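Participant:
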Amino acid sequence: MSLRFEVVETRRERRAFVELARRFRGSWPSYVPQLTGETLRLLDPVKNPVFRTARQRLWVAKDAGGRPRGRVAATFDPRHELSLGEPAGWFGFFDADGPATAAALLGVAGAWLREQGARTMLGPADPDTNHECGCLVEGHEHIPYLMMAHNPPEYGGWIEAAGLAKAKDLLAFETVAERMREPQEQLTRIADRVIARGDFRLEPITHKDFHGQMRAAHAVYQSAWQDNWGFLPMDLEEFLFEVDGMKRLLDPSIAWLAWKGDQPAGVAIALPDANLALKAVNGRLLPFGIFRLPFLLKRITRIRTVLLGVVSEYRHRGLDLALVQRLVSHGLAAGYDRSEMSWILEDNQVMLKLARHYGGQVTRRYRIYRASLG
Numbered sequence: 574m575s576l577r578f579e580v581v582e583t584r585r586e587r588r589a590f591v592e593l594a595r596r597f598r599g600s601w602p603s604y605v606p607q608l609t610g611e612t613l614r615l616l617d618p619v620k621n622p623v624f625r626t627a628r629q630r631l632w633v634a635k636d637a638g639g640r641p642r643g644r645v646a647a648t649f650d651p652r653h654e655l656s657l658g659e660p661a662g663w664f665g666f667f668d669a670d671g672p673a674t675a676a677a678l679l680g681v682a683g684a685w686l687r688e689q690g691a692r693t694m695l696g697p698a699d700p701d702t703n704h705e706c707g708c709l710v711e712g713h714e715h716i717p718y719l720m721m722a723h724n725p726p727e728y729g730g731w732i733e734a735a736g737l738a739k740a741k742d743l744l745a746f747e748t749v750a751e752r753m754r755e756p757q758e759q760l761t762r763i764a765d766r767v768i769a770r771g772d773f774r775l776e777p778i779t780h781k782d783f784h785g786q787m788r789a790a791h792a793v794y795q796s797a798w799q800d801n802w803g804f805l806p807m808d809l810e811e812f813l814f815e816v817d818g819m820k821r822l823l824d825p826s827i828a829w830l831a832w833k834g835d836q837p838a839g840v841a842i843a844l845p846d847a848n849l850a851l852k853a854v855n856g857r858l859l860p861f862g863i864f865r866l867p868f869l870l871k872r873i874t875r876i877r878t879v880l881l882g883v884v885s886e887y888r889h890r891g892l893d894l895a896l897v898q899r900l901v902s903h904g905l906a907a908g909y910d911r912s913e914m915s916w917i918l919e920d921n922q923v924m925l926k927l928a929r930h931y932g933g934q935v936t937r938r939y940r941i942y943r944a945s946l947g
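In this text, residue positions in the sequence shown follow the working numbering: the first is 574, and each later residue adds one.
1) Relative to the C-alpha of A646, which residue among F664, I941, A634 and L655 is closest?
2) Should the segment 682-694 be called in touch with the segment 920-938, which here means at least 3 C-beta pairs below 8 Å?
3) Please specify which runs of the alpha helix (DSSP H), each continuous and at least 4 residues long, are wholly inside the segment 766-813, giving them in chain order.
4) Quick one, which of L743, R875 and H713 has its alpha-carbon nearest E705's?
5) Label G707 either buried or exposed according to how many other C-beta atoms from any shown protein chain fall within 10 Å of its C-beta, with 16 as the threshold for buried.
6) Could you give the residue range of the beta strand (DSSP E) that holds Q958?
7) From W802 to L822, what does the alpha carbon distance come to, in whole angstroms?
8) Do you know offhand how far P897's Cα is from A841's?
9) Within its chain, find whatever has a CB closer than 6 Å to the CB of Y728; leave out the 5 residues flanking it on each side and keep chain order.
10) By Cβ distance below 7 Å, which residues in the same chain neighbour P845 in space, the five residues on each side in sequence not counted?
11) In whole angstroms, what is the alpha-carbon distance linking H903 and A769?
12) Give me the Cβ distance between Y931 and R644, rounded to the nearest whole Å; I'm assuming they're in contact under 8 Å.
13) Just checking my contact of D636 with S575 at CB under 8 Å: how many whole Å lie between their CB atoms?
14) Hey, how far is the Cα of V749 from the Cα of A843?
15) Which partner residues of G639 appear in the DSSP bridge assignment?
16) Taking buried to mean at least 16 other C-beta atoms within 10 Å of its own C-beta, is S912 buried or exposed?
17) Can you tell me whether DSSP reads G665 as helix, strand or coil?
18) Would the beta-carbon of V605 fall within 8 Å of that of K852?
19) Quick one: is R940 buried, meaning 16 or more other Cβ sit within 10 Å of its Cβ, or exposed?
20) Would you list the residues sitting across from V883 in a DSSP beta bridge?
21) If L880 sits next to A790, beta carbons under 8 Å apart, how far is it from one beta carbon to the other, in whole angstroms?
22) Which residues in the same chain have their Cβ closer than 8 Å to the Cβ of G599, if we skip the five residues on either side of it in sequence?
23) Name the two residues that bound the continuous beta strand (DSSP E) containing K926.
24) For R899, which residues from the same chain have a beta carbon less than 8 Å from its beta carbon, with the 5 sequence-adjacent residues on both sides left out?
25) Please list the terminal residues of the continuous alpha helix (DSSP H) segment that includes E611.
26) In terms of residue numbering, what span does the alpha helix (DSSP H) encompassing I732 cover?
27) Using the beta-carbon count (16 or more within 10 Å), is V580 buried or exposed?
28) Identify the continuous beta strand (DSSP E) that holds F578 and give its terminal residues.
29) Can you say whether V883 is buried or exposed, counting buried as having 16 or more other CB atoms within 10 angstroms of its CB?
30) In the structure shown, what three-state DSSP assignment does R877 receive?
31) If you measure between the beta carbons of F649 and D699, is that distance less than 8 Å?
32) Could you spell out the range, first to last residue, of the beta strand (DSSP E) harbouring S603?
33) Quick check: what's the CA-CA separation for G947 versus E586?
34) Pick helix, strand or coil for L896, following the three-state DSSP scheme.
35) Leaving out the 5 sequence neighbours to the left and right, which residues in its chain are closer than 6 Å to V901 when beta-carbon positions are compared?
36) Is K820 near D772, with beta carbons less than 8 Å apart?
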């Protein structure tokens with residue numbers, strides 16, 4: 574089959590590029606279409622401040638008859654070298670109708686990344702490790718949690734057939750109310766001792782002071798994640814751009830900041846899993862989804878922990894456990910009965926232990942693949 578690769582440039586073309594996800598993934602019962610407007614905002618080179626540093630190109634593969642056969646994006650941000658130790662680029666927004674198309678798309682993305690100075694291609698990430706990340710290789714039968722990827726099960730094999738190999742696995746731990754309640758009494762005592770001994774103060778994140786508290790969360794983010802594999806630093810403007818969408822879903826009972834005096838020390842933020850509501854409206858707000866969405870969001874009883882970290886100088890003091898204890902105890906009181914902590918690097922022993930403390934079990938596994946670009 575002969576393919577041509579069209580570069581996506583205009584807003585209209587970007588919209589068509591985003592909507593292609595439904596074409597390739599929509600037949601899966603557990604697939605949840607993401608809001609087109611939010612993805613377009615992420616890809617907008619004018620609105621998204623990350624593009625002051627990063628460079629990105631999007632392609633659609635079409636056959637001789639002009640029918641789309643796949644899509645891919647390539648993103649190069651030189652800041653990734655800080656955590657990866659080499660200039661690396663990422664492929665993402667990856668969809669294909671078969672192994673031949675997949676290999677061709679990955680070849681196009683790799684060639685462009687090599688031109689940008691990358692020596693390694695990693696992915697998938699949409700478009701980097703601060704967003705939907707990894708190829709789902711286990712757990713396709715489950716509806717994914719908010720901001721977690723979902724792809725057909727063939728994709729992993731097609732990526733490997735194109736010559737890429739595993740770089741890292743990312744794990745999603747799910748637990749239910751019964752397992753969360755079991756250790757509560759003991760963990761509450763431990764959390765109280767940690768807070769008293771360290772002279773920490775824990776406060777809920779509220780709508781009233783959301784942006785002020787997000788500035789504090791940014792300071793934690795820069796310190797807590799800097800040693801993680803694949804970490805991509807964000808300046809304050811980029812961070813606020815990314816968390817802006819959180820405010821609409823924020824529930825102060827499951828969002829906490831830790832302070833040491835007047836300095837932020839840790840953060841734990843979970844969000845109600847809006848994917849359940851988006852699934853019900855098929856990811857479309859218009860024409861009628863916008864009226865159903867607020868009602869559907871009120872009925873959500875599962876959450877996803879999206880941020881959990883402690884600044885480097887307060888690590889190994891139990892503050893992460895104290896933050897999770899507050900989040901879990903108040904979340905249970907608010908009526909949430911199921912939770913996912915995701916994603917966690919397969920070799921992050923501290924977070925793996927914490928997830929298992931609360932009865933977490935691995936229900937989804939995401940894989941980052943790697944290819945040398947020479």
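Where is the CB? At the ideal position from N, CA and C, for every residue including glycine.
Computed from a predicted model, the values in this text were never measured in an experiment.
Facilitator: Working from what's here:
1) Against the sequence shown, residue 646 aligns to sequence position 73. Comparing Cα positions, the closest option is F664.
2) When C-beta atoms of the segment 682-694 are compared with those of the segment 920-938, fewer than three pairs fall below 8 Å, so the two segments do not count as touching.
3) Entirely contained in the segment 766-813, the alpha helix (DSSP H) runs reaching 4 residues are, in chain order, 783-797.
4) Residue numbering aside, residue 705 sits at position 132 when the sequence shown is read from its first letter. With distances taken between Cα atoms, E705 lies closest to L743.
5) Reading the sequence shown from its first residue, position 134 is the one you call residue 707. By the C-beta density criterion, G707 is buried, having at least 16 other C-beta atoms within 10 angstroms.
6) The chain is shown only over 574 to 947; residue 958 falls outside these bounds and no answer can be derived.
7) Working through the sequence shown from its first residue, we reach residue 802 at position 229. Working through the sequence shown from its first residue, we reach residue 822 at position 249. If you draw a straight line from the Cα of W802 to the Cα of L822, it comes to about 28 Å.
8) If you number the sequence shown from 1, residue 897 lands on position 324. If you number the sequence shown from 1, residue 841 lands on position 268. The sequence given here places Val at residue 897; Pro does not occur at that position. When rounded, the distance between both Cα atoms is 7 Å.
9) Locating residue 728 in the sequence shown gives position 155, where the first residue counts as 1. Within the same chain, Y728 has close Cβ partners C708.
10) By 1-based counting over the sequence shown, the position of residue 845 is 272. Closer than 7 Å at the Cβ level, and outside the excluded window around P845, lie L822, D824, L870, I873 and I876.
11) Here residue 903 refers to the residue found at position 330 of the sequence shown. Here residue 769 refers to the residue found at position 196 of the sequence shown. Near 19 Å, if we compare the C-alpha coordinates of A769 and H903.
12) The residue labelled residue 931 in the question sits at position 358 within the sequence shown. The residue labelled residue 644 in the question sits at position 71 within the sequence shown. With a Cβ gap of about 38 Å, Y931 and R644 do not count as contacting.
13) As a position in the sequence shown, residue 636 is number 63, starting the count at 1. As a position in the sequence shown, residue 575 is number 2, starting the count at 1. Yes, they are in contact, since the Cβ atoms of D636 and S575 sit about 7 Å apart, within 8 Å.
14) For the purposes of this step, residue 749 is identified with residue 176 of the sequence shown, where counting begins at 1. For the purposes of this step, residue 843 is identified with residue 270 of the sequence shown, where counting begins at 1. Between V749 and A843, the C-alpha separation is close to 15 Å.
15) In the sequence shown, residue 639 corresponds to position 66, counting from 1. According to DSSP, which records beta bridges pairwise, G639 is partnered with nothing at all.
16) For the purposes of this step, residue 912 is identified with residue 339 of the sequence shown, where counting begins at 1. With a 10 Å radius around the Cβ and a threshold of 16 neighbouring Cβ atoms, S912 comes out buried.
17) Position 92 of the sequence shown, counting from 1, holds the residue named residue 665. In this structure, G665 counts as strand in the three-state DSSP scheme.
18) Sequence index remark: in the sequence shown, residue 605 carries index 32 (1-based). Sequence index remark: in the sequence shown, residue 852 carries index 279 (1-based). Contact flag set, yes.
19) Your numbering for residue 940 matches position 367 in the sequence shown. Buried is the call here.
20) On the sequence shown, position 310 is the one that residue 883 refers to. Its beta-bridge partners are G839.
21) As a first step, residue 880 must be located in the sequence shown, where it is residue number 307. As a first step, residue 790 must be located in the sequence shown, where it is residue number 217. Yes, L880 and A790 are in contact; Cβ-Cβ is about 7 Å, under 8 Å.
22) Along the sequence shown, one-based indexing puts residue 599 at 26. Around G599: P606.
23) In the sequence shown, the residue the question calls residue 926 occupies position 353. Taken as a continuous stretch (DSSP letters only), K926 belongs to no beta strand (DSSP E), being part of the alpha helix (DSSP H) at Q922 to H930.
24) Locating residue 899 in the sequence shown gives position 326, counting from the first residue. A764, L775, W829 and A841.
25) Here residue 611 refers to the residue found at position 38 when the sequence shown is read from its first residue. Here the alpha helix (DSSP H) through E611 covers T609 to L616.
26) Taking the sequence shown and counting its residues from 1, the one referred to as residue 732 is at position 159. Counting along the chain, I732 sits inside the alpha helix (DSSP H) bounded by residues E727 to A734.
27) Numbered from 1 along the sequence shown, position 7 holds the residue referred to as residue 580. Flag for V580 reads exposed.
28) What you label residue 578 is simply residue 5 of the sequence shown in a count that begins at 1. From DSSP, the beta strand (DSSP E) with F578 extends over R577 to V580.
29) Along the sequence shown, read from residue 1 onward, the residue named residue 883 stands at position 310. Around the beta carbon of V883, a 10 Å sphere encloses 16 or more other beta carbons of the protein chains shown; the residue is thus reported as buried.
30) Working through the sequence shown from its first residue, we reach residue 877 at position 304. It is a strand residue.
31) Counted from its first residue, the sequence shown places residue 649 at position 76. Counted from its first residue, the sequence shown places residue 699 at position 126. Not closer than 8 Å, so no.
32) Residue mapping note: residue 603 aligns to position 30 of the sequence shown, counting from 1. From DSSP, S603 is part of no beta strand (DSSP E); its letter is neither H nor E.
33) Taking the first residue of the sequence shown as position 1, residue 947 is located at position 374. Taking the first residue of the sequence shown as position 1, residue 586 is located at position 13. Rounded to the nearest angstrom, the two C-alpha atoms are 32 Å apart.
34) In the sequence shown, counting from the first residue as 1, residue 896 sits at position 323. If DSSP states are grouped into helix, strand and coil, L896 belongs with the helices.
35) Your numbering for residue 901 matches position 328 in the sequence shown. Same-chain partners within the cutoff: M753.
36) Taking the sequence shown and counting its residues from 1, the one referred to as residue 820 is at position 247. Taking the sequence shown and counting its residues from 1, the one referred to as residue 772 is at position 199. No, Cβ-Cβ distance for K820 and D772 is not below 8 Å.
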